[in-house]
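A quick write-up on the structure given underneath.
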Amino acid sequence: MDTTLRLVQPPNGPVREEPLVPTPVLGMLVFVLTEAMMFSGMISAFLIVKAGVPGGVWPPPYLPVLPAAETAFNTAALLASGAMVFFAQRAFERGPEHAFKPLAAASALAAFFVAFQGVEWIGLLSEGLSFTGSQHGAFFYLIVGSHGLHVLAALAFLVQQTVAARAGTLEQERFWALQVFWYFVVGLWPLLYWLVYL
Numbered sequence: 000m001d002t003t004l005r006l007v008q009p010p011n012g013p014v015r016e017e018p019l020v021p022t023p024v025l026g027m028l029v030f031v032l033t034e035a036m037m038f039s040g041m042i043s044a045f046l047i048v049k050a051g052v053p054g055g056v057w058p059p060p061y062l063p064v065l066p067a068a069e070t071a072f073n074t075a076a077l078l079a080s081g082a083m084v085f086f087a088q089r090a091f092e093r094g095p096e097h098a099f100k101p102l103a104a105a106s107a108l109a110a111f112f113v114a115f116q117g118v119e120w121i122g123l124l125s126e127g128l129s130f131t132g133s134q135h136g137a138f139f140y141l142i143v144g145s146h147g148l149h150v151l152a153a154l155a156f157l158v159q160q161t162v163a164a165r166a167g168t169l170e171q172e173r174f175w176a177l178q179v180f181w182y183f184v185v186g187l188w189p190l191l192y193w194l195v196y197l
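Residues in the sequence shown are numbered consecutively from 0, following numbering that gives the first Met the number 0.
Below is the structure:
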């Protein structure tokens, strides 16, 4: 009697189970959840300080007024960029190369957002709104600056995926991970705009 243990393979080869959520997407979801907690903490601190201001006047009247109208236009550009990523996903279903044009448009709109936020910051600094001059300035640069860094990182990822789409090598799992990150930075911005600028 043969008592040797043998590995039995299924007739069609080894069975490979696909994960419920692809690894790049899961990693990005974990990252986004931690960043959401960070922003929640900053927003909570901002609202507590704002509520505790004597007389309830916020921002202090001696500080420059934030350019809400110009930033609303900039906000529209960022939201349009999110829409372009959505259309890129739809185009991707016809083939990776079809996602190139909407991704290129999303990248251009995102670059516009970053550039004009930079112009806004230069203007506010020249008018006297500094990080160390007031709580209002400190919270403005902390919250909006943190979001700006996230947009820059997401823009780099977006450009990389745009290049991959142009070459026809855009992979669905990485593209999904990009979408998780991009929708996070795009979806967070209207809340920050409403809390900080209005």
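Built from N, CA and C at the ideal position, the CB exists for glycine as well.
Point to revise | Cβ contact check for the stretch 16 to 26 and the stretch 169 to 184: 3 or more pairs under 8 Å | key: yes
Check your understanding: For Pro-101, does the three-state DSSP call read helix, strand or coil?
Key -> Position 102 of the sequence shown, counted from the start, is the residue given in the question as residue 101. Helix, per DSSP.
Check your understanding: Nearest-angstrom Cα distance between Leu-154 and Ser-106?
Key -> In the sequence shown, counting from the first residue as 1, residue 154 sits at position 155. In the sequence shown, counting from the first residue as 1, residue 106 sits at position 107. Going from the Cα of Leu-154 to the Cα of Ser-106 covers about 7 Å.
Practice item. Give the range of the alpha helix (DSSP H) segment to which Trp-57 is assigned. Key: Taking the sequence shown and counting its residues from 1, one reaches residue 57 at position 58. From DSSP, Trp-57 is part of no alpha helix (DSSP H); its letter is neither H nor E.
Review point. Hey, how far is the Cα of Thr-161 from the Cα of Ala-109?
Key: On the sequence shown, position 162 is the one that residue 161 refers to. On the sequence shown, position 110 is the one that residue 109 refers to. Computed Cα separation, rounded: 13 Å.
Review point. With DSSP run on the structure shown, which of helix, strand or coil describes Gly-122?
Key: Along the sequence shown, one-based indexing puts residue 122 at 123. Gly-122: helix per DSSP, three-state reduction.
Practice item. Please state if the CB of Val-31 and the CB of Phe-130 are separated by a distance shorter than 7 Å. Key: By one-based count along the sequence shown, residue 130 stands at place 131. By one-based count along the sequence shown, residue 31 stands at place 32. No.
Point to revise | Segment contact flag, the stretch 50 to 70 with the stretch 118 to 138, C-beta cutoff 8 Å, min 3 pairs | key: yes
Exercise for review: Have a look at Arg-89 and Glu-69 and give me their C-alpha separation to the nearest angstrom.
Suggested key: As a first step, residue 89 is located in the sequence shown; it is residue number 90 there, counting from the start. As a first step, residue 69 is located in the sequence shown; it is residue number 70 there, counting from the start. Arg-89 and Glu-69: Cα-Cα distance of roughly 31 Å.
Review point. Starting from Thr-204 and walking both ways along the alpha helix (DSSP H), at which residues does that stretch end?
Key: No information on residue 204 is available, as it lies outside the stretch 0 to 197 that the chain covers here.
Check your understanding: Relative to the alpha-carbon of Val-118, which residue among Pro-95, Pro-66, Leu-141 has its alpha-carbon at the smallest distance?
Key -> Within the sequence shown, residue 118 is the residue found at index 119, counting from 1. Nearest of Pro-95, Pro-66, Leu-141 to Val-118, Cα basis: Pro-66.
Practice item. Starting from the C-beta of Ala-163, find all residues in its chain whose C-beta is less than 8 Å away, skip the five residues before and the five after it, and write them out in chain order. Key: What you label residue 163 is simply residue 164 of the sequence shown in a count that begins at 1. Closer than 8 Å at Cβ, skipping near neighbours: Pro-95, Leu-169, Glu-170, Arg-173.
Check your understanding: At a cut of 8 Å, does the stretch 121 to 129 reach the stretch 30 to 45 through at least three beta carbon pairs?
Key -> no
Practice item. Specify, as a first and last residue, the run of the alpha helix (DSSP H) that Gly-26 falls within. Key: Taking the first residue of the sequence shown as position 1, residue 26 is located at position 27. Run containing Gly-26: 22 to 50, per the alpha helix (DSSP H) assignment.
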